[in-house]
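2 protein chains.
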Amino acid sequence: MTRELDPGPAEELIRRMKEGRPRRGRPGHDLEAVLGAAVQLFIERGYEATSMDDLAKRLGITKSSIYHHVTGKQELLRIAVDQALNALEEAMAEVELLQAPAIERLEMLVRRSVIVLAERLSYVTLLLRVRGNTAVEQQALLRRKVFDGKVTALVVEAQLEGAIRGDVIAANAARLLFGMVNSLIEWYSPKRGGAAELADTVAAIAFDGLRTRQ
Amino acid sequence: MTRELDPGPAEELIRRMKEGRPRRGRPGHDLEAVLGAAVQLFIERGYEATSMDDLAKRLGITKSSIYHHVTGKQELLRIAVDQALNALEEAMAEVELLQAPAIERLEMLVRRSVIVLAERLSYVTLLLRVRGNTAVEQQALLRRKVFDGKVTALVVEAQLEGAIRGDVIAANAARLLFGMVNSLIEWYSPKRGGAAELADTVAAIAFDGLRTRQ
DNA sequence: GTCTATATTTTGATAGAC
DNA sequence: GTCTATCAAAATATAGAC
Chain A
240 MTRELDPGPA
250 EELIRRMKEG
260 RPRRGRPGHD
270 LEAVLGAAVQ
280 LFIERGYEAT
290 SMDDLAKRLG
300 ITKSSIYHHV
310 TGKQELLRIA
320 VDQALNALEE
330 AMAEVELLQA
340 PAIERLEMLV
350 RRSVIVLAER
360 LSYVTLLLRV
370 RGNTAVEQQA
380 LLRRKVFDGK
390 VTALVVEAQL
400 EGAIRGDVIA
410 ANAARLLFGM
420 VNSLIEWYSP
430 KRGGAAELAD
440 TVAAIAFDGL
450 RTRQ
Chain H
240 MTRELDPGPA
250 EELIRRMKEG
260 RPRRGRPGHD
270 LEAVLGAAVQ
280 LFIERGYEAT
290 SMDDLAKRLG
300 ITKSSIYHHV
310 TGKQELLRIA
320 VDQALNALEE
330 AMAEVELLQA
340 PAIERLEMLV
350 RRSVIVLAER
360 LSYVTLLLRV
370 RGNTAVEQQA
380 LLRRKVFDGK
390 VTALVVEAQL
400 EGAIRGDVIA
410 ANAARLLFGM
420 VNSLIEWYSP
430 KRGGAAELAD
440 TVAAIAFDGL
450 RTRQ
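The listed protein sequences correspond, in order, to chains A and H. Final position of the first sequence in my numbering is 453; the numbers increase by one with none missing. Final position of the second sequence in my numbering is 453; the numbers increase by one with none missing.
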């Protein structure tokens, strides 16, 4: 029970992923393959609506075989949302180190977040759909809340510098800004081309608006 | 099976709601009460994660009693998302009648949509979370798609008029715009004050951007 | 309008052989 | 790494009394 909050043994996978080492050539499936199929299904049907048997069928194995790779359904979700949170928190940490006006740090955070969303699309998608039913989900919501708080702080700072309009409530602006960013998960597809260009579009609309200037 | 796509007998409720006639004073629960509790639970825990027994407990009755009011779980979802879709489509229809530049019609649609989201917050929340698992959900997704297509058409028109920046892909702009609008369901609360003011904020950011102008 | 059964499936998970 | 067999719990839904 305390297990789902621990780092867990799945960090082996995360480490392997970071190092770009794809998978070992053994027959059958490994954790990576199981996780990939699970994430895909969770996104298609929703986490709750996906049964371990659905996952087994997708993998072409039996339900019980899955338990050789993970302790249960929740662990699959935990690994996935952790991937998303780690990347977003890393982006935030980098931005916080910058010596620049708040509005520039904020814009950089927006661009970096778009990139993270594009690169880890399925993980971030799952993260943003988490509702808080289980301990795993509540922990994820908590980390999101911390992130959101830092965004609001950036907006406040930029307003004090006079760089962001003062006629909007900072928390609302922060939420709308990242509401726009996060909405990418609803339609972005890697085929759709460069995430960098998309980041430009998002930043342009968010900071300068849709309207033409004369 | 064909039933879930029919208008269904629950249109009595919808009619009563439109007329502002709240509920009949009989003892026990009516469809409206059951629907209200269901919607609340679907939002808290997710549709799939909510069992009919959860709903029964929340209402203080037994599971089987629910089937006196509705044919099943899916019907509850159908009534709810229909409420949201009807309101959004009505807003679109009204805007389409306006004799005004496309950008003004688009801005009006944004404002009206914010109001709809605020007024029917829980229904729209459910609508935006629909994944397409069942026939009910697929029908809802289809109606959303039509709505989105009309938004994109408005953006294109406004670009041709030179009112909206031409350096963004219309479909992307439309999606980001309503991504921002729709993100309201994640945090808006009626207590948070007027929806009209919020609509102003959304329109200001979307059309003129966060950045201060000198 | 609500109840007490009850039917029938499906769920997440385990034990132990290969 | 996968299998068969099995489990206990939980799911949606129905029948029929009050």
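Even glycine gets a Cβ: it sits at the ideal position worked out from N, Cα and C. These figures come from a predicted structure and were not determined experimentally.
- Query: In the structure shown, what three-state DSSP assignment does Ile305/A receive?
  - Reply: helix
- Contacts that Ile354/H makes with chain A (C-beta to C-beta distance below 8 Å): Here the premise fails: no neighbours, minimum Cβ distance about 16 Å.
- Message: Which of the three DSSP states is assigned to Arg404/H in this structure?
- Response: coil
- Task: Closer than 7 Å, Cβ to Cβ, to anything on chain A: give me those residues from the segment 275-303 of chain H, in chain order.
- Result: Arg284, Gly285, Glu287 and Ala288
- Are three or more beta carbon pairs between the segment 377-393 of chain A and the segment 294-301 of chain A nearer than 8 Å? no
- Message: What does the alpha-carbon distance come out to for the pair Asp269/H and Leu315/H?
- Response: 13 Å
- Message: Just verifying my parser: in three-state terms, what is the DSSP assignment at Pro450/A?
- Response: Going by the sequence as given, residue 450/A is Arg instead of Pro. Here Arg450/A sits in strand by DSSP.
- Message: Distance cutoff 8 Å, beta carbons only. Does Arg383/H sit that close to anything in chain A?
- Response: no
- Query: Using a Cβ-Cβ cut-off of 6 Å (strictly less than) and excluding sequence neighbours within five positions of Asn421/A, which residues of its own chain qualify?
  - Reply: Leu367
- Task: Mind listing the chain H neighbours of Glu425/A? Cutoff is C-beta to C-beta under 8 Å, in chain order.
- Result: Arg414 and Gly418
- Grab the span of the alpha helix (DSSP H) containing Leu399/A for me, first residue to last. Ala374 to Leu399
- Query: Taking Cβ-Cβ distances below 7 Å as the criterion, which residues of the segment 393-411 of chain H are in contact with chain A?
  - Reply: Gly401, Ala402, Ile403, Arg404, Val407 and Asn411
- Item | Endpoints, alpha helix (DSSP H) assigned at Tyr286/A | Run containing Tyr286/A: none; DSSP gives neither H nor E here.
- Message: Is the separation between the beta-carbon of Val369/A and that of Glu376/A shorter than 8 Å?
- Response: yes
- Are the C-beta of Gly448/A and some C-beta of chain H separated by less than 8 Å? Interface annotation, Gly448/A: in contact with chain H, CB-CB separation under 8 Å.
- Message: Against chain H, which members of the segment 361-387 of chain A pass a CB distance test of less than 7 Å?
- Response: Arg370 and Asn372
- Query: Excluding the five sequence neighbours on either side, which residues of its own chain have a C-beta within less than 7 Å of the C-beta of Ile282/A, listed in chain order?
  - Reply: Ser361, Thr364 and Leu365
- Task: Return yes when the Cβ of Met419/A is within less than 8 Å of the Cβ of Met331/H, no when it is not.
- Result: no
- Query: Ala341/H and Glu396/H: beta carbons closer than 8 Å?
  - Reply: yes
- Proximal chain A residues relative to Thr440/H, where beta-carbon distance stays under 9 Å: Asp406, Val407, Ile408, Asn411, Ala412 and Leu415
- Task: Please decide whether Thr310/A counts as near chain H, where near means a Cβ-Cβ distance under 8 Å.
- Result: no
- the segment 396-411 of chain A contacting the segment 422-429 of chain A, beta-carbon criterion three pairs below 8 Å: No, the segment 396-411 of chain A is not in contact with the segment 422-429 of chain A.
- Query: Which of the three DSSP states, helix, strand or coil, is assigned to Val441/A?
  - Reply: Assigned with DSSP and collapsed to three states, Val441/A falls in helix.
- Whole-angstrom Cβ separation of Val309/H and Val278/H, contact assumed at under 8 Å? Actually they do not touch by this definition, with Cβ atoms about 12 Å apart.
- Query: With a cut-off of 8 Å, does the C-beta of Thr451/H fall near any C-beta of chain A?
  - Reply: So, interface residue.
- Item | Pairwise C-alpha distance: Glu329/A and Gln322/A | 11 Å
- Which value, in whole angstroms, describes the spacing of the CA atoms of Thr289/A and Gln398/H? 42 Å
- Task: Check the Cβ-Cβ distances between Ala445/H and every residue of chain A, and say whether any is below 8 Å.
- Result: yes
- Item | Secondary structure of Arg469/H, DSSP reduced to three states | Outside the shown range of chain H (240 to 453) lies residue 469/H, about which nothing can therefore be said.
- Message: Whole angstroms are fine: how far does the CA of Leu416/H sit from the CA of Thr527/A?
- Response: The question about residue 527/A has no answer here: the residues shown for chain A are numbered 240 through 453.
- Gly388/A to Arg414/A, Cα distance in whole Å? 10 Å
- Of the listed residues Leu393/A, Gly275/A and Leu324/A, nearest to Leu336/A (C-alpha basis): Leu393/A
- Asp269/H by DSSP, collapsed to three states: which one? coil
- Item | Exposure label - Gly285/H; buried when at least 16 CB within 10 Å | buried
- Query: If you draw a straight line from the alpha carbon of Val390/H to that of Ala412/H, how long is it in whole angstroms?
  - Reply: Rounded to the nearest angstrom, the two C-alpha atoms are 10 Å apart.
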